[in-house]
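Comments concern the structure below.
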Amino acid sequence: MNIYDITVTKPNGEDYQLSEYRGKAMLIVNTATKCGLRDQFNGLEKMYEDYKDQGLVVLGFPSNQFKQEEATGEEAQEACRMTYGITFPMHDLVKVNGEDAHPLFTYLTSNTKGFLTSGIKWNFTKFLIDQNGNIVSRFSPKDTPESFAKDVQKILAK
Numbered sequence: 000m001n002i003y004d005i006t007v008t009k010p011n012g013e014d015y016q017l018s019e020y021r022g023k024a025m026l027i028v029n030t031a032t033k034c035g036l037r038d039q040f041n042g043l044e045k046m047y048e049d050y051k052d053q054g055l056v057v058l059g060f061p062s063n064q065f066k067q068e069e070a071t072g073e074e075a076q077e078a079c080r081m082t083y084g085i086t087f088p089m090h091d092l093v094k095v096n097g098e099d100a101h102p103l104f105t106y107l108t109s110n111t112k113g114f115l116t117s118g119i120k121w122n123f124t125k126f127l128i129d130q131n132g133n134i135v136s137r138f139s140p141k142d143t144p145e146s147f148a149k150d151v152q153k154i155l156a157k
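So the sequence shown is residues 0 to 157, counted in numbering that gives the first Met the number 0.
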């Protein structure tokens with residue numbers, strides 16, 4: 000199995016496969032609009048705007064597993080659009096840990112290691128995927144998009 004085999008769901012319930020982004024770099028983020036780290040939405044949107052024409056797509060996956068998100072994916076998407084001006088693709092609510100974790104996050108966490116364990120510790124854990132679907136880096140919730148812009152630039156230069 001690779002990342003392109005995974006099916007994800009838009010807030011409106013429409014499913015699609017991540018193979019739609021084959022050939023693009025992806026930054027996958029578990030988000031939460033009520034989290035103390037929510038100001039990172041601004042940096043994520045700026046990164047998307049700065050690099051989307053070079054082949055980067057930022058993908059937001061709201062999760063209420065840490066009790067800091069709206070009740071539905073549509074409500075989370077609306078909050079992101081209205082409060083932060085987010086234009087990058089958002090998705091339906093997902094679980095990022097445990098038996099009910101979304102297959103995408105099971106794949107990402109089983110192929111990377113965070114601080115101490117592979118599980119996701121908090122909102123705004125970020126995964127950078129190259130144009131061939133390889134996981135290049137995992138960034139902690141406190142790593143701001145600005146702090147790893149050079150990593151993104153390096154991938155896009157390939």
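For glycine and all other residues, C-beta sits at the position ideal for the given N, C-alpha and C.
| query | Which residue comes first and which comes last in the beta strand (DSSP E) that contains residue 26? | reply | Looking up residue 26 in the sequence shown gives position 27. Run containing residue 26: 24-30, per the beta strand (DSSP E) assignment.
| said: Using 8 Å as the cut-off, can you tell me whether the stretch 28-47 makes contact with the stretch 79-92, which would need three or more C-beta pairs spanning the two stretches below that distance? | reply: yes
| Ordered along the chain, which non-local residues of its own chain (more than five positions away) have a Cβ less than 6 Å from that of residue 20? | Reading the sequence shown from its first residue, position 21 is the one you call residue 20. Excluding sequence neighbours, residue 20 sits near 56.
| Distance CB(residue 8)-CB(residue 102) smaller than 9 Å | Taking the sequence shown and counting its residues from 1, one reaches residue 8 at position 9. Taking the sequence shown and counting its residues from 1, one reaches residue 102 at position 103. No, the Cβ-Cβ distance between residue 8 and residue 102 is not below 9 Å.
| message | By alpha-carbon positions, which one of 89, 51, 128, 149 ends up nearest to residue 106? | response | Stepping through the sequence shown from its first residue, residue 106 is reached at position 107. For residue 106, the nearest C-alpha among the options comes from 128.
| residue 66 versus 59, 75, 58, residue with shortest Cα-Cα distance | Locating residue 66 in the sequence shown gives position 67, where the first residue counts as 1. Of 59, 75, 58, the residue nearest in Cα terms is 75.
| message | I'd like the ranges of any alpha helix (DSSP H) spanning at least 4 consecutive residues and lying wholly in the stretch 74-103. | response | none
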